[in-house]
Structures are given as structure tokens and as C-alpha cells.
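*Asks:* Chains as they are written, first to last, in our numbering: chain A, 112 to 447; chain B, 112 to 447. Just so you know, even glycine gets a beta-carbon here, dropped at the ideal spot from N, CA and C.
(1) Can you name the residues of chain B whose CB is closer than 8 angstroms to the CB of residue 229 (chain A)?
(2) Residues of the segment 356-368 of chain B in Cβ contact with chain A at a cutoff of 7 angstroms, in chain order, please.
(3) Measure the C-alpha to C-alpha separation of residue 183 (chain B) and residue 214 (chain B) and round it to an integer number of angstroms.
(4) Step through the CB atoms of chain A and report whether any lies within less than 8 angstroms of the CB of residue 443 (chain B).
(5) Could you check which residue in A:235, A:395, A:385, A:217 has the C-alpha nearest to that of residue 405 (chain A)?
(6) Ignoring anything shorter than 3 residues or poking outside the segment 296-350 of chain A, list the beta strand (DSSP E) runs there in chain order.
(7) Residue range of the alpha helix (DSSP H) that residue 291 (chain B) falls in?
(8) Which of the three DSSP states is assigned to residue 250 (chain B) in this structure?
(9) Indicate whether at least one CB of chain B lies closer than 8 angstroms to the CB of residue 346 (chain A).
(10) Using a Cβ-Cβ cut-off of less than 7 angstroms, list which residues of the segment 387-408 of chain A approach chain B; keep chain order.
(11) Do the segment 225-239 of chain B and the segment 265-283 of chain B touch if we need at least three Cβ pairs shorter than 8 angstroms?
(12) Could you compute how far the alpha carbon of residue 166 (chain B) sits from the alpha carbon of residue 272 (chain B)?
(13) Report the option in A:329, A:363, A:207, A:290 whose CA atom is closest to the CA atom of residue 432 (chain A).
(14) Along the segment 306-331 of chain B, where does the CB come closer than 8 angstroms to a CB of chain A? Name the residues.
(15) With 7 angstroms as the limit, tell me which residues of the segment 410-443 of chain A have their beta carbon closer than that to any beta carbon of chain B; keep them in chain order.
(16) Are there 16 or more other CB atoms within 10 angstroms of the CB of residue 227 (chain B), so buried, or fewer, so exposed?
(17) Considering only the alpha carbon of each residue, which of A:328, A:304, A:357 lies closest to residue 436 (chain B)?
(18) Relative to the C-alpha of residue 187 (chain A), which residue among A:161, A:216, A:261 is closest?
(19) What does a CB cutoff of less than 6 angstroms around residue 381 (chain A) pick up in its chain, not counting 5 residues either side in sequence?
(20) On a CA-only basis, which of B:285, B:197, B:275, B:191 is nearest residue 241 (chain B)? Give me that one, please.
(21) When burial is assigned at 16 or more other CB atoms within 10 Å of the CB, is residue 344 (chain B) buried or exposed?
(22) DSSP three-state label for residue 400 (chain B), please.
(23) So, with DSSP's three-state summary, where would you put residue 191 (chain A)?
(24) Alpha carbon to alpha carbon, what distance is there between residue 417 (chain B) and residue 337 (chain A)?
(25) What three-state label does DSSP hand residue 380 (chain B) in the structure shown?
(26) Measuring alpha carbon to alpha carbon, tell me which residue in A:168, A:170, A:205 is nearest residue 427 (chain A).
(27) Tell me which residues share the same chain as residue 170 (chain A) and place their Cβ nearer than 6 angstroms to its Cβ, disregarding the 5 neighbours each side in the sequence.
(28) Within 10 Å of its beta-carbon, does residue 425 (chain A) have 16 or more other beta-carbons around it, so buried, or fewer, so exposed?
(29) Could you work out which residue in B:144, B:147, B:175 is closest to residue 413 (chain B) when comparing CA atoms only?
(30) Count Cβ pairs between the segment 310-323 of chain A and the segment 281-301 of chain A that sit closer than 8 angstroms; are there 3 or more?
(31) Please state if the CB of residue 307 (chain B) and the CB of residue 284 (chain B) are separated by a distance shorter than 8 angstroms.
(32) Going by other Cβ atoms of all chains shown within 10 Å of its Cβ, with 16 needed for buried, is residue 372 (chain A) buried or exposed?
(33) Taking the alpha-carbon positions, what's the residue 365 (chain A) to residue 411 (chain A) distance?
(34) Could you check where the beta strand (DSSP E) with residue 165 (chain A) kicks off and where it finishes?
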């Protein structure tokens, strides 16, 4: 059956996509699966051009789908009884295990935000925690030995609670945000001593360290615990700090951004998913360089449409093509 | 005689530096010299930590010295009778021809500025144009056939006046600033139709095009005339735009910046100097990628000390080492 014929049936296309994802890492001897915990939300997003309601959102939704292009995901989160069953079907078709997603009575976490004209700043219009208010992540038995962990953006206390239930994970990535730096700093500091890599954006790195130089900020955060730090700079790319190593990546040059929501979460998911799929013996700085690029590739697709719409139909070929574009736009020697 | 012994005599060190510069491009069949026109000034600079008066400054001073590490320079400018003769000796020792520097009665152009605590914003405290007020650049006969031209930052009318006197240059690079975008836009637009590459910083690119996206801004400036556009982003590196090509370079990760003055001019000089020295047949996008990196290397040294002090004692080995660092920090494949 030709691809054209298949593409007429949405379910079959999804199946083919998932199969493609498996192909992508076929040369790996075993899958190093990734546990992802974070928020699952229904978002209402307004940009200067469009507004859409009840979109799938939340840090875990973006991170899990981003990671799923590279590795199987064990998802942890909570949804209410208003949450569409079709999303569970979609996750399953993408190698995302949903055993750890609690479905409880009540409404799903809801967030509503509005972006300014330049899409660089946004205002939260409303937040309704709903079932998220009493959420305590509990890991199913088959999740506890997951070798790689991504603590997507939620309260540091919940992130630590997940780590408490893990059996000696190989590598732990944590994402955070200004809210936790400002309101639960002690919890965040406690978490930092337990993670291998912290992801945060440039303004958050400055706020956390009181340093104007991102280079100093990155080094200073490493002294708080994480061996590695990734600083996201939006349109300016990302920086990665190791002990004696440093990597600077540009951002993909997009002219039309439709919805920046979830770009950071998708970066984190793509980064951690790539790492989980490609680390053999030890986690090296060189594999993390590529993980930063793949995270940036995924994030660049994310913002091309509202919610997860672009990522839902993304193909491995598109990821591979954009990775090549990143290579072309950032290399100045040995151009292949 | 050992290097240590030599370094006790400043003049000998300077001579050795100049000889080193020649070595650097020895594999080129011929030198493609660069004409540099711009301001030559005596600066007073205040940072939150230090203040220094009567330092050599001006766009042409930084640009010419930056370029001189790669190629011989024909300098065009004006100084007053208070300008130190020793600077002429220094220029000569760096392959900078000063036949085109007019020495007239009166005081040299003076600028005084103060940087904010984060060194990212500065305020001009005073400007005294002095001999610069009536400056009209006149090219000596032996300058007119210089193949490469860098119009460092001065009024677009003066930049155009220099082009009027040139005999079919191969490649013309122009630098500009917000002042000319705001006050002499028509002159700038006329100039843009005559140059091959425009250099400006990110805020200037946005101001010029009214676009918030630097990607759109870069493309839009290309439509005004220049086939290539380089956008400097300070701590975030630089972007280079061609017809169907795009290059994104990170900035060198400096922790201690002493004086940002002249970084942009030095970038322009390093860029144009590298280009002049390394273009054989045609100016390709690939050689421009490297020119962006070498420009960034030179600029990263510039800010390590006040005025041109760091550049005065810079060696070819240091440039080569930092170029390798750039390679290490930006490549994610084929790491050599």
C-alpha cells in the first residue's frame, strides 16, 4: 500500500509514525526508556493573531511527545474526568506508556495565557489547578527502574517525590521555572543536589544567581549540584555547561512563529529522549551536544502551530532534515 | 634571543608581532589589502570598576588593528595636532599604511562614555567632534585600487564619498549605527545600494526594519541592497545572511569583560581583514562563515582590556587557539 493511500486514514498514519520512531533507533542494542513527570493541562492560548481553547498542554505533554521520537516514554501525571480519552490512544500509538497517568474525579488542570505582539512575553490570564492541586505522583512498579528521568516543569517538591521512588536512575534531567525560584527556593535547592542536569531559561538563570553574565550564571548553578546546566535563550539558541566543557547552539531561524507555548518543555523532552536513546556506556559531553541540537529541532517544530498540533504530525524525515539544516547553519569547517 | 628577553623591549615585541602577522597568511599567493575608513578618536571610558582618559579609540582605530592581523591595511582618517606620534609608529609596525590619515591643526575627535553596571548599556557623556567636524576623506592615489573596503562606522555620506574615489573594489563592507538610521536615513539607504555586506547590531536591525524577528530583519535589509548582512548580537554571537544561506555563530564565553568599547568595530575589522586575506577567486559564503568567527575572536580579545590595549599585545598563536576554542564550543559533529 502506498504512503498516499495510507495517509487517508488518520489511525494508520499514526501507526506508521510510531513505527518510524522505532526504526529511528534500530541500531541501538536496547532501548533506554525515559520517565517523564510533569503537568498535563488543557490550555487556552491567545496570540495577536489567533485564539484557541481546550488544547492539550502542560509540561509533561510536550516533553513526553518530544522524547517519544527517540525513545519509549513512561509518563507520570494526573488528568480529570473531562480529559479526552483520544489523547491516551494517541500516547499509546507513540510508545508513551500511560500506566502512570492518574485519571481522577474532577476537572483537568487548566491554564490560559496571552502573548504580546512580539510573542516574546506572555501574561497568564487564568490558572485553575483543579485535580492538580492534590496531585502526588505515584510510580507504577514497572516504572521504578527506568534508567533516564526527565523531571519536567512542576513544583520541585513533586520532582523530588518522584526521585524518592526511583531505583538508582542513570541520569536525571530537571526543568524548572521562575515561579519555583521565587516561591520554593529551598525545595529547588534540595532538588538541585540530586539531579545531573538542570534546564532553565536565560532570565531564570540570571534571577537564580544574581549574575548578569550567563557564563558566570551557568558556572554558579553547577556549584549548586548539577554536573551539567543547559540555558535556553529562545531566539538565541542554548548554552550547555560541563566541568571543563562548553557548547553554544544557535536557534533554528524561524520566520513565522504561531505559538511559543511548550517550546521549552519540548526542548527538554527532545534533549532527554535523545540522550536516553543514544547513551551506551557513559553519558558524554559529546552526546549531550547532539541532544541539545535535537531538543532545539523539536522545539523549532513545536512553535510552528498551536499546542502539539505540529508535533503530532511530525515525521522522522523532517527531524533528520532539520538536523542537517542546523549543521549547515552552525558549522564553519568540514562542511559536509 | 629568547622570547622572554625580547618581551623586555616593547618595540621589539611589536616588531615580532608584525612579523608574525605576515607569517599567518604566508600561504596566500598575494595580499589582498583592505582600505579602512572611519573615526580616530581619543576616548575617556568609565565602567563601574575603572575609568581611563585619552585612550586611542574610534571605529577606524579598532577596525584597522583588528584587520591588520590578517592583511595589510590602508587607513583613512583625520587626527589633530594633539594626537600622539607614537600611534603612527605603532600602525606602521602593524602593516597599517597611514598615508591616508590627515593630520590637521586643532584637536582630535574626543568621545567620553559611561557603562551601566551590567556593561550592556552605555551613555555618552560628551562628544567633541573637533577636527572631525570638517573631515572629508581624500584617498591617496595608491589607495584607490585597494580591492577590499571596510567603511567603518562614520556618517553614511562620508562612507559614500570614499566609494566615489575607489576604482572598482571587489568587495565592500559597511558598518553603521543607530545614529545614522535615525538622523541620515536617506544617505544610509543610498549607501546600502552600493555595498556588498552591511554589519549592524540586533537592536539596529530591528529599528531599521521595524521587524521584531531578526530573521525577517536580516532578509529585509538584504532587499535594500547588500547581498549579505551580518547582525551582531553581543553575548549571543552573530548571524550572517546570504541569498539562500544562513550562518549562526555563538559568542566566545567571556566571564570578565573590562571595556566593551570597540568590540563591534574590531569584529568588522577582523571580518573584513580575514576576507581580504583569504578570498581567491570569488567571495563565497563559506569563507564568510570563517570571517565571522575570526571577527568574533578578535572582538572577544578587544573587551578583555581598556581601549586597544589587549589587541596591541595580541599574538597569532592566541588568535589560533581561540579559533580552536570556537570550533570546540560550536561543533556537534566531526569534532577534531
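*Replies:* Here's the rundown:
(1) Reading the first chain from its first residue, position 118 is the one you call residue 229 (chain A). Correct list: 323.
(2) 357, 358, 359, 361, 364, 365, 366
(3) Translated into the one-based positions of the second chain, residue 183 (chain B) becomes position 72. Translated into the one-based positions of the second chain, residue 214 (chain B) becomes position 103. If you take the alpha carbons of residue 183 (chain B) and residue 214 (chain B), they lie about 21 angstroms apart.
(4) Position 332 of the second chain, counted from the start, is the residue given in the question as residue 443 (chain B). Yes, its Cβ sits closer than 8 angstroms to a Cβ of chain A.
(5) The count along the first chain starts at 1 and reaches residue 405 (chain A) at position 294. The residue with the shortest Cα to Cα distance from residue 405 (chain A) is A:385.
(6) 308-312, 339-343
(7) Here residue 291 (chain B) corresponds to residue number 180 of the second chain, with the count starting at 1. Residues 289-294.
(8) Here the question's residue 250 (chain B) lines up with position 139 in the second chain. Looking at residue 250 (chain B) - three-state DSSP - the assignment turns out to be coil, as it is neither helix nor strand.
(9) Taking the first residue of the first chain as position 1, residue 346 (chain A) is located at position 235. It does: the Cβ of residue 346 (chain A) has a partner Cβ on chain B nearer than 8 angstroms.
(10) 397, 400, 401, 404
(11) no
(12) Working through the second chain from its first residue, we reach residue 166 (chain B) at position 55. Working through the second chain from its first residue, we reach residue 272 (chain B) at position 161. Cα-Cα distance, rounded: 28 angstroms.
(13) Locating residue 432 (chain A) in the first chain gives position 321, counting from the first residue. That would be A:363, whose Cα lies nearest to the Cα of residue 432 (chain A).
(14) 323, 324, 325, 326, 327, 330
(15) 438, 440, 441, 442, 443
(16) Reading the second chain from its first residue, position 116 is the one you call residue 227 (chain B). Counting Cβ neighbours within 10 Å, residue 227 (chain B) comes out exposed, since fewer than 16 surround it.
(17) Along the second chain, one-based indexing puts residue 436 (chain B) at 325. Residue 436 (chain B) has its Cα closest to that of A:357, out of A:328, A:304, A:357.
(18) If you number the first chain from 1, residue 187 (chain A) lands on position 76. Per the Cα distances, A:261.
(19) Working through the first chain from its first residue, we reach residue 381 (chain A) at position 270. Counting only Cβ-Cβ distances below 6 angstroms, and skipping sequence neighbours, we find 177, 405, 406, 409.
(20) Stepping through the second chain from its first residue, residue 241 (chain B) is reached at position 130. The option with the nearest alpha carbon to residue 241 (chain B) is B:191.
(21) Position 233 of the second chain holds residue 344 (chain B). By the neighbour-count rule (16 or more Cβ atoms within 10 Å), residue 344 (chain B) is buried.
(22) As a first step, residue 400 (chain B) is located in the second chain; it is residue number 289 there, counting from the start. Three-state result, residue 400 (chain B): helix.
(23) As a position in the first chain, residue 191 (chain A) is number 80, starting the count at 1. In the structure shown, residue 191 (chain A) sits in coil (DSSP, three-state: anything other than H, G, I, E or B).
(24) Taking the first chain and counting its residues from 1, the one referred to as residue 337 (chain A) is at position 226. Taking the second chain and counting its residues from 1, the one referred to as residue 417 (chain B) is at position 306. Their Cα atoms are separated by approximately 35 angstroms.
(25) Here residue 380 (chain B) corresponds to residue number 269 of the second chain, with the count starting at 1. Three-state DSSP puts residue 380 (chain B) in a helix.
(26) On the first chain, position 316 is the one that residue 427 (chain A) refers to. Checking every option, the nearest Cα to that of residue 427 (chain A) belongs to A:205.
(27) Counting from one through the first chain, the residue named residue 170 (chain A) turns up at place 59. Only 149, 150, 263, 264, 376 meet the Cβ criterion.
(28) Position 314 of the first chain, counted from the first residue, corresponds to residue 425 (chain A). Label assigned to residue 425 (chain A): buried.
(29) Start at 1 with the first residue of the second chain, and residue 413 (chain B) comes out as number 302. Comparing Cα positions, the closest option is B:175.
(30) yes
(31) Residue numbering aside, residue 284 (chain B) sits at position 173 when the second chain is read from its first letter. Residue numbering aside, residue 307 (chain B) sits at position 196 when the second chain is read from its first letter. Contact flag set, yes.
(32) To locate residue 372 (chain A), count along the first chain from 1; it is residue 261. So residue 372 (chain A) ends up on the buried side.
(33) Looking up residue 365 (chain A) in the first chain gives position 254. Looking up residue 411 (chain A) in the first chain gives position 300. The straight-line gap from Cα to Cα measures roughly 7 angstroms.
(34) Translated into positions along the first chain, residue 165 (chain A) becomes position 54. Run containing residue 165 (chain A): 162-168, per the beta strand (DSSP E) assignment.
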